[in-house]
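Start counting the sequence shown at 1; every next residue gets the next number (full-length UniProt numbering). From the three backbone atoms N, C-alpha and C, an ideal C-beta is built for every residue, glycine too. Given the structure is predicted, the values throughout are model-derived calculations rather than measurements.
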Amino acid sequence: MFDIKWIRENSEAFDAGLARRGYEPSAAKLIALDDARRSHITKLQDAQNRRNAASKEIGKAKACGDEAAAQAVIDEVAKLKAFIQDGEEEERKLVAALDAALAVIPNLPHDDVPDGEDEAGNVELRVVGEKPVFNFNHKPKEHFELGETHGGMDFATAAKLSGSRFVVLKGQIARLERALGQFMIDMHTLESGYTEVSPPLLVHDTALYGTGQLPKFEEDLFKTTGDHYLIPTAEVPLTNLVAGEILAEEELPLRVTALTYCFRSEAGSAGRDTRGVLRQHQFQKCELVSITRPEDSLDELERMLSCAENVLKKLGLHYRVMTLCSGDMGFGARKTYDIEVWLPGQDTFREISSCSVCGDFQARRMNARYRLKGEKQLGHVHTLNGSGLAVGRTLIAVMENYQNADGTVTVPEALRPYMNGLETIG
Numbered sequence: 001m002f003d004i005k006w007i008r009e010n011s012e013a014f015d016a017g018l019a020r021r022g023y024e025p026s027a028a029k030l031i032a033l034d035d036a037r038r039s040h041i042t043k044l045q046d047a048q049n050r051r052n053a054a055s056k057e058i059g060k061a062k063a064c065g066d067e068a069a070a071q072a073v074i075d076e077v078a079k080l081k082a083f084i085q086d087g088e089e090e091e092r093k094l095v096a097a098l099d100a101a102l103a104v105i106p107n108l109p110h111d112d113v114p115d116g117e118d119e120a121g122n123v124e125l126r127v128v129g130e131k132p133v134f135n136f137n138h139k140p141k142e143h144f145e146l147g148e149t150h151g152g153m154d155f156a157t158a159a160k161l162s163g164s165r166f167v168v169l170k171g172q173i174a175r176l177e178r179a180l181g182q183f184m185i186d187m188h189t190l191e192s193g194y195t196e197v198s199p200p201l202l203v204h205d206t207a208l209y210g211t212g213q214l215p216k217f218e219e220d221l222f223k224t225t226g227d228h229y230l231i232p233t234a235e236v237p238l239t240n241l242v243a244g245e246i247l248a249e250e251e252l253p254l255r256v257t258a259l260t261y262c263f264r265s266e267a268g269s270a271g272r273d274t275r276g277v278l279r280q281h282q283f284q285k286c287e288l289v290s291i292t293r294p295e296d297s298l299d300e301l302e303r304m305l306s307c308a309e310n311v312l313k314k315l316g317l318h319y320r321v322m323t324l325c326s327g328d329m330g331f332g333a334r335k336t337y338d339i340e341v342w343l344p345g346q347d348t349f350r351e352i353s354s355c356s357v358c359g360d361f362q363a364r365r366m367n368a369r370y371r372l373k374g375e376k377q378l379g380h381v382h383t384l385n386g387s388g389l390a391v392g393r394t395l396i397a398v399m400e401n402y403q404n405a406d407g408t409v410t411v412p413e414a415l416r417p418y419m420n421g422l423e424t425i426g
């Protein structure tokens with residue numbers, strides 16, 4: 001959500017930022033909506049002032065015995081009262097119209113974000129590690145081929161139970177998935193200073209509005225028959241921990257993490273990644289969220305990125321970091337880094353983490369503020385979120401990068417303590 005006052009004072013910069021996103025100019029339309037609201041409020045205030053003055057005139061007219069004059073003013077007051085009552089409803093409509101228009105406008109890209117229309121405009125920042133060298137001559141298998149061979153990934157039963165884009169994991173592969181999640185949450189809490197949180201997986205629409213999924217992306221969500229939505233990411237409950245709060249400056253930065261299931265309808269993904277577990281309706285992810293002072297948020301983004309990268313480094317996986325261009329960033333982001341891991345079975349890099357700084361975009365939507373030390377002044381916090389990592393996609397990466405000629409998978413050394421010392425699965 002944007003401050004309409006800021007848009008008035010920076011209309012050219014606002015429209016220029018939207019243009020970088022591929023959006024049409026909106027400042028004039030928003031200012032016109034605000035003008036209508038302000039003009040109507042002025043009329044209401046004038047009517048209220050006149051009503052107050054007229055009410056005093058009634059007493060004076062009656063005191064002078066001028067009943068005709070008193071009745072004329074009484075009639076006027078009645079009309080003013082009706083106008084004000086109707087006008088208050090009209091004011092609510094005008095405010096709602098402005099809020100609705102503001103709610104679907106994306107965040108503006110940071111100055112150093114590269115311009116571009118889609119993923120083709122993303123810029124490679126660095127490449128870490130090397131592609132694995134296998135001791136067999138056949139093409140490396142994809143994760144679902146490895147999983148189905150040994151019965152650890154059962155897509156047929158999942159389809160019977162729930163339909164497409166689900167999987168039943170069994171035995172050692174189920175254990176490997178659990179080990180990955182525990183490994184990640186331990187790294188972030190024990191080594192990187194994040195506080196572990198176990199949040200609700202069902203939230204109200206206000207929480208999703210705060211982080212920007214609503215109102216624009218409702219089709220991507222699963223809604224219950226009641227007044228709840230399943231979370232598409234733990235970013236939603238974790239960021240909303242500070243919704244409506246006024247934090248002390250000394251409390252910042254706040255760093256929280258959660259290992260949760262996430263639920264997405266994948267409404268816009270028909271026909272994409274239909275094999276395997278790359279794009280599921282239900283998946284686990286270790287989420288990282290930071291709440292900072294404005295002046296610290298860009299440094300915090302680099303720190304968050306490093307925390308996510310460290311997971312891949314400990315697992316010995318080859319990856320690259322991409323700076324997303326202005327046209328490929330998420331709705332609420334000002335700047336985003338994607339981490340893409342190498343998948344030998346697909347012979348390509350695929351996204352495994354996305355780390356974003358949102359500035360005060362989400363904080364304004366959820367009214368999350370902080371009090372500057374020693375002052376009465378309040379400011380909006382900055383919010384950041386990132387995957388540290390997507391567990392299912394890390395499972396894919398481990399299986400494909402550590403596969404052996406006989407179809408077994410070597411367990412990375414970092415995970416063996418979580419696998420009771422098991423060195424090979426399958």
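#1: Give every residue of the same chain whose Cβ lies closer than 8 Å to the Cβ of residue 68, excluding the five residues on either side of it in the sequence, and list them in chain order.
#2: Under 8 Å, with one C-beta from each stretch per pair, do the segment 58 to 73 and the segment 132 to 146 reach the 3-pair mark?
#3: Does the distance from the CB of residue 266 to the CB of residue 393 come in under 8 Å?
#4: Applying the 10 Å Cβ sphere with the 16-neighbour rule, what's the burial state of residue 390?
#5: Whose C-alpha, out of 123, 103 and 320, is nearest the C-alpha of residue 214?
#6: Evaluate residue 160 with the Cβ neighbour count: other Cβ atoms within 10 Å of its Cβ, from every protein chain shown; 16 or more gives buried, anything less gives exposed.
#7: Any heavy atom of the ligand COA within a distance shorter than 7 Å of the CB on residue 215?
#8: With DSSP collapsed to three states, give me the class of residue 371.
#9: Could you tell me the alpha carbon to alpha carbon distance between residue 125 and residue 355, rounded to whole angstroms?
#10: Using beta-carbon positions only, say whether residue 278 and residue 350 come within less than 8 Å of one another.
#11: Alpha carbon to alpha carbon, what distance is there between residue 369 and residue 245?
#12: Kindly identify the DSSP beta-bridge partner or partners of residue 6.
#13: From the DSSP output, read off the bridge partner residues of residue 320.
#14: If you draw a straight line from the alpha carbon of residue 260 to that of residue 175, how long is it in whole angstroms?
#15: Quick test of your reading: residue 398 and residue 315, contact by CB under 8 Å. State the CB separation rounded to the nearest angstrom.
#16: For residue 411, which three-state DSSP category applies?
#17: Considering only their Cβ atoms, is the gap separating residue 188 from residue 386 smaller than 8 Å?
#18: Tell me which residues share the same chain as residue 48 and place their Cβ nearer than 7 Å to its Cβ, disregarding the 5 neighbours each side in the sequence.
#19: When the Cα atoms are used, what is the spatial distance from residue 88 to residue 255?
#20: Taking the beta strand (DSSP E) that residue 191 belongs to, which residues open and close that run?
#21: Which residues does DSSP list as the beta-bridge partners of residue 153?
#22: Kindly identify the DSSP beta-bridge partner or partners of residue 355.
#23: Using C-beta distances below 7 Å, list every residue in its chain close to residue 127, excluding the 5 sequence neighbours before and after it, in chain order.
#24: In the DSSP assignment, find the unbroken beta strand (DSSP E) run with residue 421 in it and report its ends.
#25: In its own chain, which residues sit with a C-beta less than 7 Å from the C-beta of residue 140, not counting the 5 before and 5 after it?
#26: Alpha carbon to alpha carbon, how far is residue 181 from residue 373?
#27: Check whether the segment 325 to 332 touches the segment 307 to 314, counting contact only when three or more Cβ pairs, one atom from each stretch, lie closer than 8 Å.
#28: What do you reckon, are the CB atoms on residue 298 and residue 341 nearer than 8 Å?
#29: Grab the span of the alpha helix (DSSP H) containing residue 164 for me, first residue to last.
#30: Determine the DSSP secondary structure at residue 43, reduced to helix, strand or coil.
#31: If residue 239 sits next to residue 210, beta carbons under 8 Å apart, how far is it from one beta carbon to the other, in whole angstroms?
#32: Got a sec? Which residues, its chain only, sit under 6 Å from residue 381 by beta carbon, not counting five neighbours each side?
#33: Report all residues from its chain with a CB closer than 7 Å to the CB of residue 17; omit the five preceding and five following residues, and keep chain order.
#34: Who are the Cβ neighbours of residue 237 in its own chain at under 7 Å, not counting the five residues just before and after it?
#35: Drop a sphere of 10 angstroms on the beta-carbon of residue 136, count the other beta-carbons inside from all chains shown, and report buried for 16 or more, exposed for fewer.
#36: Let me check understanding here. Comparing Cα to Cα, which of 339, 194 and 55 lies closest to residue 253?
By the coordinates alone:
#1: In the sequence shown, residue 68 corresponds to position 68, counting from 1. The answer is none, since no qualifying residue turns up.
#2: no
#3: Working through the sequence shown from its first residue, we reach residue 266 at position 266. Working through the sequence shown from its first residue, we reach residue 393 at position 393. Contact: no.
#4: Residue 390 sits at position 390 when you count from the first residue of the sequence shown. Buried, since its Cβ has 16 or more Cβ neighbours within 10 Å.
#5: As a first step, residue 214 must be located in the sequence shown, where it is residue number 214. Answer by Cα proximity: 103.
#6: As a position in the sequence shown, residue 160 is number 160, starting the count at 1. Classification for residue 160: exposed.
#7: What this structure holds is no ligand at all, so the ligand COA is not there to describe.
#8: Locating residue 371 in the sequence shown gives position 371, counting from the first residue. Three-state result, residue 371: strand.
#9: Taking the sequence shown and counting its residues from 1, the one referred to as residue 125 is at position 125. Taking the sequence shown and counting its residues from 1, the one referred to as residue 355 is at position 355. Looking at the two C-alpha atoms, the distance is approximately 14 Å.
#10: Here residue 278 refers to the residue found at position 278 when the sequence shown is read from its first residue. Here residue 350 refers to the residue found at position 350 when the sequence shown is read from its first residue. Yes; because the gap between Cβ atoms is below 8 Å, this pair is in contact.
#11: Along the sequence shown, read from residue 1 onward, the residue named residue 245 stands at position 245. Along the sequence shown, read from residue 1 onward, the residue named residue 369 stands at position 369. When rounded, the distance between both Cα atoms is 6 Å.
#12: Within the sequence shown, the letter at position 6 stands for residue 6. Answer is none; residue 6 lacks a bridge partner.
#13: The count along the sequence shown starts at 1 and reaches residue 320 at position 320. In DSSP, residue 320 forms a bridge with 127 and 340.
#14: Your numbering for residue 260 matches position 260 in the sequence shown. Your numbering for residue 175 matches position 175 in the sequence shown. The alpha-carbon atoms of residue 260 and residue 175 are separated by roughly 16 Å.
#15: Residue mapping note: residue 398 aligns to position 398 of the sequence shown, counting from 1. Residue mapping note: residue 315 aligns to position 315 of the sequence shown, counting from 1. Right, the Cβ-Cβ distance comes to about 7 Å (below 8 Å), so this counts as a contact.
#16: Numbered from 1 along the sequence shown, position 411 holds the residue referred to as residue 411. DSSP places residue 411 in coil when its eight states are reduced to three.
#17: On the sequence shown, position 386 is the one that residue 386 refers to. On the sequence shown, position 188 is the one that residue 188 refers to. Cβ atoms of residue 386 and residue 188: not closer than 8 Å.
#18: As a first step, residue 48 is located in the sequence shown; it is residue number 48 there, counting from the start. 84.
#19: If you number the sequence shown from 1, residue 88 lands on position 88. If you number the sequence shown from 1, residue 255 lands on position 255. About 43 Å.
#20: For the purposes of this step, residue 191 is taken as residue 191 along the sequence shown, with counting starting at 1. Neither: residue 191 is in no beta strand (DSSP E) and is coded neither H nor E.
#21: Translated into the one-based positions of the sequence shown, residue 153 becomes position 153. Residue 153 pairs with 169.
#22: Residue 355 sits at position 355 when you count from the first residue of the sequence shown. Answer is 337 and 386.
#23: For the purposes of this step, residue 127 is identified with residue 127 of the sequence shown, where counting begins at 1. So the list reads 320, once near-sequence residues are dropped.
#24: Sequence index remark: in the sequence shown, residue 421 carries index 421 (1-based). It is not in any beta strand (DSSP E) - residue 421 carries neither H nor E in the DSSP assignment.
#25: On the sequence shown, position 140 is the one that residue 140 refers to. Taken in chain order, the residues that qualify are 134, 344, 345, 400 and 403.
#26: The residue given as residue 181 occupies position 181 in the sequence shown. The residue given as residue 373 occupies position 373 in the sequence shown. Using only the alpha carbons, I get a separation of about 38 Å.
#27: no
#28: For the purposes of this step, residue 298 is taken as the residue at position 298 of the sequence shown. For the purposes of this step, residue 341 is taken as the residue at position 341 of the sequence shown. Their beta carbons are not under 8 Å apart, which means residue 298 does not touch residue 341 by this criterion.
#29: Within the sequence shown, residue 164 is the residue found at index 164, counting from 1. Where residue 164 is concerned, there is no enclosing alpha helix (DSSP H), given that its DSSP letter is neither H nor E.
#30: Position 43 of the sequence shown, counted from the start, is the residue given in the question as residue 43. The answer is helix: DSSP assigns residue 43 an H, G or I state.
#31: Walking along the sequence shown from the start, residue 239 turns up at place 239. Walking along the sequence shown from the start, residue 210 turns up at place 210. Sure, about 7 Å apart at Cβ, within 8 Å.
#32: Residue mapping note: residue 381 aligns to position 381 of the sequence shown, counting from 1. Contacts found: 291, 363, 368 and 370.
#33: Working through the sequence shown from its first residue, we reach residue 17 at position 17. So the list reads 108 and 109, once near-sequence residues are dropped.
#34: Locating residue 237 in the sequence shown gives position 237, where the first residue counts as 1. 199, 200, 203, 207 and 231.
#35: Along the sequence shown, one-based indexing puts residue 136 at 136. The residue in question, residue 136, is exposed, as its Cβ has fewer than 16 Cβ neighbours within 10 Å.
#36: Translated into positions along the sequence shown, residue 253 becomes position 253. Cα-wise, what sits closest to residue 253 is 194.
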